[in-house]
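*Asks:*
In UniProt numbering, the protein residues as written are 1 to 415.
So this is what it looks like as C-alpha coordinates:
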(Lines of atoms letter the chains of each structure in order from A; the text may use other names.)
(Lines give C-alpha, C1' and ligand atoms only; values in the text may rest on other atoms or scores of the structure.)
Protein backbone atom coordinates (compact mmCIF):
# COMPACT_ATOMS: atom_id res chain seq x y z
CA UNK A 1 0.00 0.00 0.00
CA UNK A 2 1.40 3.35 -1.13
CA UNK A 3 1.27 6.06 1.55
CA UNK A 4 0.81 9.64 0.35
CA UNK A 5 3.50 11.96 1.47
CA UNK A 6 2.94 15.61 2.32
CA UNK A 7 4.59 16.51 -0.98
CA UNK A 8 2.16 14.30 -2.92
CA UNK A 9 -0.83 15.97 -1.21
CA UNK A 10 0.40 19.43 -2.14
CA UNK A 11 0.96 18.40 -5.75
CA UNK A 12 -2.56 16.92 -5.93
CA UNK A 13 -4.06 20.10 -4.51
CA UNK A 14 -2.11 22.22 -6.99
CA UNK A 15 -3.46 20.07 -9.89
CA UNK A 16 -7.04 20.60 -8.65
CA UNK A 17 -6.57 24.34 -8.36
CA UNK A 18 -4.88 24.64 -11.74
CA UNK A 19 -7.16 26.55 -14.11
CA UNK A 20 -7.14 26.46 -17.84
CA UNK A 21 -6.43 29.73 -19.62
CA UNK A 22 -10.13 29.96 -20.49
CA UNK A 23 -11.19 29.57 -16.84
CA UNK A 24 -8.63 32.13 -15.70
CA UNK A 25 -9.92 34.61 -18.27
CA UNK A 26 -13.50 33.95 -17.13
CA UNK A 27 -12.65 34.51 -13.43
CA UNK A 28 -10.71 37.71 -14.13
CA UNK A 29 -13.62 39.05 -16.23
CA UNK A 30 -16.05 38.17 -13.43
CA UNK A 31 -13.92 39.97 -10.85
CA UNK A 32 -13.59 43.06 -13.06
CA UNK A 33 -17.36 43.08 -13.73
CA UNK A 34 -18.07 42.82 -9.98
CA UNK A 35 -15.74 45.75 -9.29
CA UNK A 36 -17.37 47.83 -12.04
CA UNK A 37 -20.86 47.11 -10.65
CA UNK A 38 -19.67 48.00 -7.13
CA UNK A 39 -18.11 51.31 -8.19
CA UNK A 40 -21.14 52.24 -10.33
CA UNK A 41 -23.42 51.53 -7.36
CA UNK A 42 -21.22 53.58 -5.01
CA UNK A 43 -21.12 56.44 -7.52
CA UNK A 44 -24.89 56.49 -8.03
CA UNK A 45 -25.56 56.49 -4.27
CA UNK A 46 -22.63 58.81 -3.61
CA UNK A 47 -22.72 61.71 -1.15
CA UNK A 48 -20.50 63.75 -3.48
CA UNK A 49 -22.19 63.49 -6.88
CA UNK A 50 -25.77 63.49 -8.06
CA UNK A 51 -27.17 61.24 -10.80
CA UNK A 52 -30.80 61.09 -11.86
CA UNK A 53 -30.71 57.30 -11.56
CA UNK A 54 -29.47 57.67 -7.97
CA UNK A 55 -32.38 59.99 -7.16
CA UNK A 56 -34.87 57.41 -8.52
CA UNK A 57 -33.15 54.72 -6.46
CA UNK A 58 -33.40 56.77 -3.23
CA UNK A 59 -37.09 57.57 -3.79
CA UNK A 60 -37.88 53.90 -4.54
CA UNK A 61 -35.95 52.79 -1.45
CA UNK A 62 -37.90 55.26 0.71
CA UNK A 63 -41.24 54.14 -0.75
CA UNK A 64 -40.45 50.45 -0.17
CA UNK A 65 -39.78 51.24 3.48
CA UNK A 66 -42.97 53.30 3.63
CA UNK A 67 -45.02 50.36 2.32
CA UNK A 68 -43.41 47.98 4.85
CA UNK A 69 -43.27 50.22 7.93
CA UNK A 70 -45.50 53.18 7.15
CA UNK A 71 -44.94 56.93 7.39
CA UNK A 72 -47.11 59.88 8.28
CA UNK A 73 -47.94 62.80 6.02
CA UNK A 74 -50.54 63.79 3.46
CA UNK A 75 -48.26 63.33 0.44
CA UNK A 76 -47.38 59.65 1.08
CA UNK A 77 -50.06 58.17 -1.19
CA UNK A 78 -49.19 60.65 -3.96
CA UNK A 79 -45.44 60.08 -3.64
CA UNK A 80 -45.40 56.31 -3.21
CA UNK A 81 -48.70 55.24 -4.80
CA UNK A 82 -49.40 54.28 -8.40
CA UNK A 83 -51.11 57.55 -9.32
CA UNK A 84 -47.92 59.20 -10.68
CA UNK A 85 -48.91 62.51 -9.08
CA UNK A 86 -45.21 62.97 -8.27
CA UNK A 87 -42.92 62.12 -11.18
CA UNK A 88 -39.75 63.15 -13.03
CA UNK A 89 -37.40 62.71 -10.06
CA UNK A 90 -33.99 64.19 -10.86
CA UNK A 91 -30.96 66.11 -9.57
CA UNK A 92 -31.43 69.79 -8.64
CA UNK A 93 -31.36 72.23 -11.55
CA UNK A 94 -29.44 74.49 -11.44
CA UNK A 95 -26.95 72.27 -9.57
CA UNK A 96 -25.84 73.29 -6.09
CA UNK A 97 -22.33 74.66 -5.69
CA UNK A 98 -21.99 72.51 -2.54
CA UNK A 99 -23.54 69.11 -3.22
CA UNK A 100 -26.60 68.17 -1.17
CA UNK A 101 -26.97 64.35 -1.13
CA UNK A 102 -30.55 64.47 0.16
CA UNK A 103 -32.08 67.12 -2.07
CA UNK A 104 -33.86 66.28 -5.31
CA UNK A 105 -36.16 67.84 -7.86
CA UNK A 106 -39.56 66.54 -8.91
CA UNK A 107 -42.84 67.50 -10.51
CA UNK A 108 -46.26 67.34 -8.94
CA UNK A 109 -48.44 67.11 -12.02
CA UNK A 110 -47.01 70.10 -13.97
CA UNK A 111 -45.53 72.04 -11.03
CA UNK A 112 -41.78 71.78 -10.39
CA UNK A 113 -40.87 71.31 -6.71
CA UNK A 114 -37.90 70.38 -4.55
CA UNK A 115 -37.79 67.34 -2.26
CA UNK A 116 -35.53 67.28 0.81
CA UNK A 117 -35.00 64.15 2.90
CA UNK A 118 -34.28 64.80 6.58
CA UNK A 119 -31.73 62.00 7.03
CA UNK A 120 -30.64 61.67 10.69
CA UNK A 121 -26.98 62.58 11.25
CA UNK A 122 -24.43 61.67 13.92
CA UNK A 123 -26.01 64.16 16.36
CA UNK A 124 -29.47 62.57 16.10
CA UNK A 125 -31.25 62.13 19.43
CA UNK A 126 -33.77 59.31 19.86
CA UNK A 127 -37.25 60.17 21.04
CA UNK A 128 -38.21 56.94 22.81
CA UNK A 129 -36.53 54.75 25.39
CA UNK A 130 -36.60 50.94 25.63
CA UNK A 131 -37.09 49.26 29.01
CA UNK A 132 -34.58 46.51 29.76
CA UNK A 133 -37.16 43.96 30.92
CA UNK A 134 -39.94 43.97 28.32
CA UNK A 135 -37.84 45.52 25.53
CA UNK A 136 -40.77 47.82 24.84
CA UNK A 137 -40.47 51.28 23.28
CA UNK A 138 -41.83 54.06 25.50
CA UNK A 139 -42.87 57.37 23.95
CA UNK A 140 -43.74 60.75 25.47
CA UNK A 141 -47.34 61.96 25.46
CA UNK A 142 -48.29 64.64 22.94
CA UNK A 143 -47.93 67.38 25.57
CA UNK A 144 -44.56 66.01 26.70
CA UNK A 145 -43.41 65.84 23.09
CA UNK A 146 -44.40 69.47 22.48
CA UNK A 147 -42.34 70.49 25.52
CA UNK A 148 -39.37 68.45 24.27
CA UNK A 149 -39.53 70.26 20.92
CA UNK A 150 -39.87 73.67 22.60
CA UNK A 151 -36.74 73.03 24.68
CA UNK A 152 -34.82 71.71 21.65
CA UNK A 153 -35.64 74.78 19.50
CA UNK A 154 -34.94 77.14 22.39
CA UNK A 155 -31.54 75.57 23.14
CA UNK A 156 -30.40 75.35 19.52
CA UNK A 157 -31.92 78.49 18.01
CA UNK A 158 -32.82 80.66 21.01
CA UNK A 159 -36.36 80.93 19.63
CA UNK A 160 -39.81 80.38 21.09
CA UNK A 161 -42.38 78.51 19.01
CA UNK A 162 -45.58 80.54 18.58
CA UNK A 163 -48.77 78.63 19.38
CA UNK A 164 -50.00 78.74 15.77
CA UNK A 165 -46.60 77.50 14.51
CA UNK A 166 -46.53 74.33 16.63
CA UNK A 167 -48.99 72.41 14.46
CA UNK A 168 -47.19 73.07 11.16
CA UNK A 169 -43.81 72.35 12.74
CA UNK A 170 -44.78 69.01 14.33
CA UNK A 171 -47.14 67.66 11.62
CA UNK A 172 -48.52 64.95 13.91
CA UNK A 173 -51.23 62.58 12.72
CA UNK A 174 -53.17 59.43 13.78
CA UNK A 175 -53.58 60.76 17.33
CA UNK A 176 -56.21 58.15 18.23
CA UNK A 177 -54.21 55.12 17.02
CA UNK A 178 -51.21 54.59 19.26
CA UNK A 179 -48.99 52.58 16.90
CA UNK A 180 -49.44 55.03 14.00
CA UNK A 181 -49.20 58.03 16.32
CA UNK A 182 -45.81 56.84 17.55
CA UNK A 183 -44.65 56.47 13.94
CA UNK A 184 -45.93 59.99 13.26
CA UNK A 185 -44.01 61.24 16.31
CA UNK A 186 -40.78 59.58 15.10
CA UNK A 187 -41.19 61.17 11.65
CA UNK A 188 -41.90 64.54 13.26
CA UNK A 189 -38.80 64.26 15.46
CA UNK A 190 -36.66 63.48 12.39
CA UNK A 191 -37.94 66.67 10.75
CA UNK A 192 -37.49 68.84 13.85
CA UNK A 193 -33.82 67.81 14.06
CA UNK A 194 -33.26 68.87 10.43
CA UNK A 195 -31.87 72.41 10.20
CA UNK A 196 -33.40 73.16 6.79
CA UNK A 197 -36.85 72.06 7.89
CA UNK A 198 -36.74 74.21 11.03
CA UNK A 199 -35.48 77.31 9.20
CA UNK A 200 -38.09 77.06 6.43
CA UNK A 201 -40.84 76.56 9.02
CA UNK A 202 -39.87 79.15 11.59
CA UNK A 203 -39.34 81.93 9.02
CA UNK A 204 -42.20 80.95 6.74
CA UNK A 205 -44.23 84.14 7.20
CA UNK A 206 -41.14 86.31 6.49
CA UNK A 207 -41.15 85.06 2.88
CA UNK A 208 -37.35 84.87 2.80
CA UNK A 209 -37.09 81.21 1.81
CA UNK A 210 -39.19 78.67 -0.15
CA UNK A 211 -42.32 77.48 1.63
CA UNK A 212 -42.88 73.84 2.68
CA UNK A 213 -45.83 72.34 0.79
CA UNK A 214 -46.28 68.92 2.45
CA UNK A 215 -44.41 65.88 3.72
CA UNK A 216 -44.28 62.10 3.84
CA UNK A 217 -42.26 60.95 6.85
CA UNK A 218 -38.87 62.63 6.69
CA UNK A 219 -39.40 63.66 3.04
CA UNK A 220 -40.71 67.20 2.65
CA UNK A 221 -41.53 69.16 -0.49
CA UNK A 222 -40.60 72.82 -0.92
CA UNK A 223 -41.28 75.59 -3.41
CA UNK A 224 -39.08 75.66 -6.52
CA UNK A 225 -37.56 79.08 -7.26
CA UNK A 226 -37.00 80.49 -10.73
CA UNK A 227 -33.25 80.99 -10.49
CA UNK A 228 -31.72 84.35 -11.40
CA UNK A 229 -30.57 84.25 -15.01
CA UNK A 230 -26.80 83.93 -15.01
CA UNK A 231 -25.15 81.45 -17.38
CA UNK A 232 -23.04 78.91 -15.48
CA UNK A 233 -20.00 79.37 -17.75
CA UNK A 234 -20.37 83.18 -18.02
CA UNK A 235 -17.23 85.19 -17.30
CA UNK A 236 -18.72 88.43 -16.07
CA UNK A 237 -15.53 90.36 -16.75
CA UNK A 238 -16.14 89.97 -20.48
CA UNK A 239 -18.06 92.42 -22.66
CA UNK A 240 -21.82 92.49 -22.07
CA UNK A 241 -24.55 94.58 -23.67
CA UNK A 242 -26.48 97.32 -21.88
CA UNK A 243 -29.58 95.19 -21.23
CA UNK A 244 -27.47 92.51 -19.58
CA UNK A 245 -25.53 95.06 -17.53
CA UNK A 246 -28.79 96.61 -16.34
CA UNK A 247 -29.97 93.13 -15.25
CA UNK A 248 -26.74 92.64 -13.25
CA UNK A 249 -27.30 95.96 -11.47
CA UNK A 250 -30.95 95.12 -10.77
CA UNK A 251 -30.09 91.74 -9.20
CA UNK A 252 -27.33 93.32 -7.11
CA UNK A 253 -29.82 95.86 -5.69
CA UNK A 254 -32.31 93.07 -4.93
CA UNK A 255 -29.59 91.05 -3.17
CA UNK A 256 -28.66 94.06 -1.00
CA UNK A 257 -32.35 94.49 -0.11
CA UNK A 258 -32.52 90.79 0.74
CA UNK A 259 -29.39 90.96 2.91
CA UNK A 260 -30.90 93.92 4.79
CA UNK A 261 -33.93 91.74 5.61
CA UNK A 262 -31.69 88.91 6.84
CA UNK A 263 -29.91 91.29 9.18
CA UNK A 264 -33.23 92.69 10.36
CA UNK A 265 -34.11 89.16 11.51
CA UNK A 266 -30.56 88.53 12.86
CA UNK A 267 -29.76 85.83 10.30
CA UNK A 268 -26.22 85.09 9.12
CA UNK A 269 -25.19 83.51 5.81
CA UNK A 270 -22.03 81.40 6.05
CA UNK A 271 -22.09 80.42 2.38
CA UNK A 272 -23.61 82.15 -0.62
CA UNK A 273 -24.21 80.73 -4.10
CA UNK A 274 -25.56 83.03 -6.83
CA UNK A 275 -27.57 80.18 -8.38
CA UNK A 276 -29.55 79.69 -5.17
CA UNK A 277 -31.18 83.11 -5.47
CA UNK A 278 -34.52 82.92 -7.24
CA UNK A 279 -37.48 85.15 -7.99
CA UNK A 280 -41.11 84.03 -7.56
CA UNK A 281 -43.95 86.56 -7.80
CA UNK A 282 -41.43 89.44 -7.97
CA UNK A 283 -39.95 88.35 -4.63
CA UNK A 284 -36.26 87.41 -4.27
CA UNK A 285 -35.63 84.38 -2.05
CA UNK A 286 -32.70 82.09 -1.25
CA UNK A 287 -33.25 78.36 -1.36
CA UNK A 288 -30.26 76.68 0.33
CA UNK A 289 -30.45 77.33 4.07
CA UNK A 290 -28.00 74.62 5.16
CA UNK A 291 -25.39 77.29 5.97
CA UNK A 292 -27.73 80.09 7.02
CA UNK A 293 -28.26 80.46 10.76
CA UNK A 294 -29.72 82.69 13.44
CA UNK A 295 -26.81 84.74 14.81
CA UNK A 296 -27.21 83.02 18.19
CA UNK A 297 -26.70 79.58 16.62
CA UNK A 298 -23.65 80.39 14.49
CA UNK A 299 -21.98 82.45 17.25
CA UNK A 300 -22.42 79.56 19.67
CA UNK A 301 -21.00 77.13 17.09
CA UNK A 302 -18.03 79.28 16.06
CA UNK A 303 -16.96 80.31 19.60
CA UNK A 304 -17.25 76.85 21.13
CA UNK A 305 -13.68 76.77 22.48
CA UNK A 306 -12.30 74.24 19.99
CA UNK A 307 -8.51 74.08 19.69
CA UNK A 308 -6.87 76.30 17.06
CA UNK A 309 -3.50 77.41 15.73
CA UNK A 310 -4.70 80.12 13.31
CA UNK A 311 -7.83 82.15 12.51
CA UNK A 312 -8.68 79.76 9.67
CA UNK A 313 -9.22 77.00 12.24
CA UNK A 314 -12.06 79.04 13.75
CA UNK A 315 -13.92 80.11 10.62
CA UNK A 316 -16.99 78.29 9.35
CA UNK A 317 -17.32 78.43 5.56
CA UNK A 318 -17.41 82.19 4.74
CA UNK A 319 -18.09 83.22 8.36
CA UNK A 320 -14.80 84.54 9.75
CA UNK A 321 -13.61 84.34 13.33
CA UNK A 322 -10.28 84.47 15.14
CA UNK A 323 -8.12 82.24 17.28
CA UNK A 324 -7.17 83.23 20.81
CA UNK A 325 -3.42 82.62 20.37
CA UNK A 326 -2.78 82.70 24.11
CA UNK A 327 -5.29 79.98 24.91
CA UNK A 328 -5.20 78.40 21.42
CA UNK A 329 -8.99 78.29 21.51
CA UNK A 330 -11.79 79.56 19.26
CA UNK A 331 -13.66 81.98 21.50
CA UNK A 332 -14.69 84.80 19.16
CA UNK A 333 -18.11 85.23 17.53
CA UNK A 334 -18.56 85.91 13.78
CA UNK A 335 -16.39 88.90 12.75
CA UNK A 336 -17.69 89.66 9.25
CA UNK A 337 -21.27 90.15 8.04
CA UNK A 338 -23.63 89.31 5.19
CA UNK A 339 -22.85 92.46 3.18
CA UNK A 340 -19.11 91.76 3.24
CA UNK A 341 -19.68 88.15 2.14
CA UNK A 342 -21.99 89.14 -0.73
CA UNK A 343 -19.60 91.87 -1.91
CA UNK A 344 -16.60 89.54 -1.88
CA UNK A 345 -18.18 86.37 -3.27
CA UNK A 346 -20.98 87.63 -5.58
CA UNK A 347 -20.32 91.24 -6.61
CA UNK A 348 -16.51 91.50 -6.78
CA UNK A 349 -15.33 87.91 -7.21
CA UNK A 350 -11.70 87.10 -7.97
CA UNK A 351 -9.31 87.72 -10.88
CA UNK A 352 -10.05 84.26 -12.27
CA UNK A 353 -13.81 84.46 -11.66
CA UNK A 354 -15.00 88.08 -11.66
CA UNK A 355 -18.25 88.83 -9.86
CA UNK A 356 -21.48 90.00 -11.49
CA UNK A 357 -20.57 93.69 -11.10
CA UNK A 358 -17.09 93.46 -12.62
CA UNK A 359 -17.37 94.03 -16.38
CA UNK A 360 -15.89 96.42 -18.92
CA UNK A 361 -18.84 98.71 -18.11
CA UNK A 362 -18.07 98.96 -14.37
CA UNK A 363 -17.41 102.62 -13.42
CA UNK A 364 -14.26 103.29 -11.37
CA UNK A 365 -16.36 104.66 -8.50
CA UNK A 366 -18.38 101.42 -8.29
CA UNK A 367 -15.25 99.26 -8.45
CA UNK A 368 -13.69 101.25 -5.61
CA UNK A 369 -16.81 100.82 -3.45
CA UNK A 370 -16.89 97.07 -4.16
CA UNK A 371 -13.26 96.64 -3.13
CA UNK A 372 -13.87 98.59 0.08
CA UNK A 373 -17.02 96.56 0.76
CA UNK A 374 -15.28 93.20 0.22
CA UNK A 375 -12.22 94.19 2.26
CA UNK A 376 -13.22 96.90 4.77
CA UNK A 377 -10.22 98.44 6.54
CA UNK A 378 -10.82 102.06 7.56
CA UNK A 379 -12.96 103.00 10.56
CA UNK A 380 -15.76 104.39 8.38
CA UNK A 381 -15.89 101.19 6.30
CA UNK A 382 -15.85 98.68 9.19
CA UNK A 383 -19.06 97.70 11.00
CA UNK A 384 -19.16 98.69 14.67
CA UNK A 385 -20.06 95.26 16.05
CA UNK A 386 -18.18 93.26 13.38
CA UNK A 387 -14.47 94.22 12.96
CA UNK A 388 -14.27 92.44 9.58
CA UNK A 389 -17.77 93.37 8.43
CA UNK A 390 -18.96 96.16 6.13
CA UNK A 391 -20.39 99.27 7.77
CA UNK A 392 -23.94 100.52 7.29
CA UNK A 393 -22.56 103.77 5.86
CA UNK A 394 -20.55 101.97 3.16
CA UNK A 395 -23.51 99.73 2.35
CA UNK A 396 -25.67 102.83 1.76
CA UNK A 397 -23.01 104.37 -0.50
CA UNK A 398 -22.89 101.17 -2.56
CA UNK A 399 -26.68 100.89 -2.70
CA UNK A 400 -27.08 104.50 -3.85
CA UNK A 401 -24.38 104.08 -6.49
CA UNK A 402 -26.11 101.00 -7.90
CA UNK A 403 -29.56 102.62 -7.98
CA UNK A 404 -28.11 105.71 -9.73
CA UNK A 405 -26.47 103.53 -12.39
CA UNK A 406 -29.71 101.58 -12.87
CA UNK A 407 -31.76 104.77 -13.31
CA UNK A 408 -29.31 106.12 -15.90
CA UNK A 409 -29.42 102.84 -17.84
CA UNK A 410 -33.23 102.82 -17.70
CA UNK A 411 -33.30 106.39 -19.08
CA UNK A 412 -31.14 105.34 -22.05
CA UNK A 413 -33.72 102.73 -23.10
CA UNK A 414 -36.73 104.93 -22.33
CA UNK A 415 -38.86 105.73 -25.42
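Think of the CB as a built atom: it goes at the ideal place given N, C-alpha and C, for glycine as much as any other residue.
How big is the Cα-Cα spacing for residue 54 and residue 400?
*Replies:* Here residue 54 refers to the residue found at position 54 of the chain shown. Here residue 400 refers to the residue found at position 400 of the chain shown. Cα to Cα, the separation comes out at about 47 angstroms.
*Asks:* Can you tell me whether residue 264 is buried or exposed? The criterion is at least 16 other CB atoms within 10 Å of its CB, across all chains shown.
*Replies:* Taking the first residue of the chain shown as 1, we reach residue 264 at position 264. It counts as exposed.
*Asks:* In the DSSP assignment, what residue or residues form a beta bridge with residue 219?
*Replies:* Looking up residue 219 in the chain shown gives position 219. DSSP, once it has assigned bridges, lists 117 and 216 as partnering residue 219.
*Asks:* Quick one: measure Cβ to Cβ for residue 356 and residue 248, integer angstroms, because I've assumed they're closer than 8 angstroms.
*Replies:* One-based indexing of the chain shown puts residue 356 at position 356. One-based indexing of the chain shown puts residue 248 at position 248. That pair is a contact at about 5 angstroms.
*Asks:* Go ahead and pull the three-state DSSP assignment for residue 102.
*Replies:* For the purposes of this step, residue 102 is taken as the residue at position 102 of the chain shown. It is coil, neither helix nor strand.
*Asks:* Is residue 138 helix, strand or coil by DSSP?
*Replies:* Working through the chain shown from its first residue, we reach residue 138 at position 138. Note: residue 138 maps to strand in three-state DSSP.
*Asks:* Can you tell me the Cα-Cα spacing of residue 204 and residue 169, whole angstroms?
*Replies:* By one-based count along the chain shown, residue 204 stands at place 204. By one-based count along the chain shown, residue 169 stands at place 169. Distance between the alpha carbons of residue 204 and residue 169: 11 angstroms.
*Asks:* Tell me which residue opens and which closes the alpha helix (DSSP H) that residue 286 is part of.
*Replies:* Residue numbering aside, residue 286 sits at position 286 when the chain shown is read from its first letter. First-last for residue 286: 283-286, but that is the beta strand (DSSP E), not the alpha helix (DSSP H).
*Asks:* According to the neighbour-count rule (16 or more other Cβ atoms, all chains shown, within 10 Å of its Cβ), is residue 166 buried or exposed?
*Replies:* Mapped onto the chain shown, residue 166 falls at position 166. Exposed, since its Cβ has fewer than 16 Cβ neighbours within 10 Å.
*Asks:* Name the DSSP beta bridge partners of residue 279, please?
*Replies:* Within the chain shown, numbered from 1, the residue matching residue 279 stands at position 279. Looking at the DSSP assignment, residue 279 forms a beta bridge with 284.
*Asks:* Counting Cβ pairs closer than 8 angstroms, one from the stretch 151-159 and one from the stretch 291-298, do we hit at least three?
*Replies:* Result yes; three or more Cβ-Cβ pairs closer than 8 angstroms.
*Asks:* Kindly indicate the opening and closing residues of the beta strand (DSSP E) around residue 86.
*Replies:* Start at 1 with the first residue of the chain shown, and residue 86 comes out as number 86. Residues 86-90.
*Asks:* I need the boundaries of the beta strand (DSSP E) containing residue 293, first residue and last residue.
*Replies:* Here residue 293 is taken as the residue at index 293 of the chain shown, counted from 1. Start and end: 292-294.
*Asks:* Taking the alpha-carbon of residue 272 as reference, which of 340, 266, 162 and 59 has the nearest alpha-carbon?
*Replies:* If you number the chain shown from 1, residue 272 lands on position 272. With distances taken between Cα atoms, residue 272 lies closest to 340.
*Asks:* Tell me which same chain residues have a C-beta within less than 8 angstroms of the C-beta of residue 304, skipping the five on either side of it?
*Replies:* Position 304 of the chain shown, counting from 1, holds the residue named residue 304. Answer for residue 304: 330, listed in chain order.
*Asks:* Can you tell me the Cα-Cα spacing of residue 65 and residue 346, whole angstroms?
*Replies:* Here residue 65 refers to the residue found at position 65 when the chain shown is read from its first residue. Here residue 346 refers to the residue found at position 346 when the chain shown is read from its first residue. The straight-line gap from Cα to Cα measures roughly 42 angstroms.
*Asks:* Let me check you understand the geometry: is the CB of residue 360 closer than 7 angstroms to at least one non-hydrogen atom of the ligand HEM?
*Replies:* No copy of the ligand HEM appears in this structure; indeed no ligand is present at all.
*Asks:* If I measure Cβ to Cβ from residue 227 and keep anything under 8 angstroms in the same chain, skipping five residues before and after, which residues do I get?
*Replies:* For the purposes of this step, residue 227 is taken as the residue at position 227 of the chain shown. Cβ within range, chain order: 94, 275, 276, 277 and 278.
*Asks:* Just to confirm my understanding: we take residue 261, look at its own chain, exclude 5 residues before and 5 after, and list those with CB closer than 8 angstroms. What are they?
*Replies:* Locating residue 261 in the chain shown gives position 261, counting from the first residue. Answer for residue 261: 206 and 208, listed in chain order.
*Asks:* Let me know the secondary structure DSSP gives residue 397 once reduced to three states.
*Replies:* As a first step, residue 397 must be located in the chain shown, where it is residue number 397. Helix, per DSSP.
*Asks:* What are the boundary residues of the alpha helix (DSSP H) that includes residue 159?
*Replies:* Here the question's residue 159 lines up with position 159 in the chain shown. From DSSP, residue 159 is part of no alpha helix (DSSP H); its letter is neither H nor E.
*Asks:* Excluding five sequence neighbours on each side, which residues of the same chain lie with their C-beta closer than 7 angstroms to the C-beta of residue 343?
*Replies:* Mapped onto the chain shown, residue 343 falls at position 343. Contacts found: 370, 373, 374 and 390.
*Asks:* Grouping DSSP H, G and I as helix and E and B as strand, with all else coil, what is residue 191?
*Replies:* Along the chain shown, read from residue 1 onward, the residue named residue 191 stands at position 191. If DSSP states are grouped into helix, strand and coil, residue 191 belongs with the helices.
*Asks:* Compute the Euclidean distance between the alpha carbons of residue 104 and residue 412, then round it to the nearest angstrom.
*Replies:* On the chain shown, position 104 is the one that residue 104 refers to. On the chain shown, position 412 is the one that residue 412 refers to. For residue 104 and residue 412, the distance between alpha carbons rounds to 43 angstroms.
*Asks:* Whose C-beta lies closer than 8 angstroms to the C-beta of residue 183 among residues of the same chain, with five residues either side of it excluded?
*Replies:* As a working mapping, residue 183 is identified with position 183 in the chain shown. Correct list, in chain order: 69, 70, 71, 72 and 174.
*Asks:* Using the Cβ count rule (16 or more neighbours within 10 Å means buried), how would you classify residue 328?
*Replies:* Walking along the chain shown from the start, residue 328 turns up at place 328. Residue 328 should be labelled exposed.
*Asks:* Quick check on DSSP: helix, strand or coil for residue 206?
*Replies:* Reading the chain shown from its first residue, position 206 is the one you call residue 206. In this structure, residue 206 counts as helix in the three-state DSSP scheme.
*Asks:* So, with DSSP's three-state summary, where would you put residue 325?
*Replies:* Residue 325 sits at position 325 when you count from the first residue of the chain shown. Residue 325 falls in the coil class under three-state DSSP.
*Asks:* Looking only at its own chain, which residues have a Cβ that is under 8 angstroms from the Cβ of residue 136, when we skip the five neighbours before and after it?
*Replies:* Translated into the one-based positions of the chain shown, residue 136 becomes position 136. 130.
*Asks:* Taking only the alpha-carbon atoms, compute the straight-line gap between residue 76 and residue 337 and give it to the nearest angstrom.
*Replies:* By 1-based counting over the chain shown, the position of residue 76 is 76. By 1-based counting over the chain shown, the position of residue 337 is 337. Their Cα atoms are separated by approximately 41 angstroms.
*Asks:* Taking just the CA atoms, how far does residue 281 sit from residue 403?
*Replies:* The residue given as residue 403 occupies position 403 in the chain shown. The residue given as residue 281 occupies position 281 in the chain shown. Residue 403 and residue 281: Cα-Cα distance of roughly 22 angstroms.
*Asks:* Can you give me the start and stop residues for the alpha helix (DSSP H) that residue 307 sits inside?
*Replies:* Taking the first residue of the chain shown as 1, we reach residue 307 at position 307. First-last for residue 307: undefined, no H or E at that position.
*Asks:* Can you check DSSP and say which residues form a bridge with residue 382?
*Replies:* For the purposes of this step, residue 382 is taken as residue 382 along the chain shown, with counting starting at 1. In DSSP, residue 382 forms a bridge with 390.
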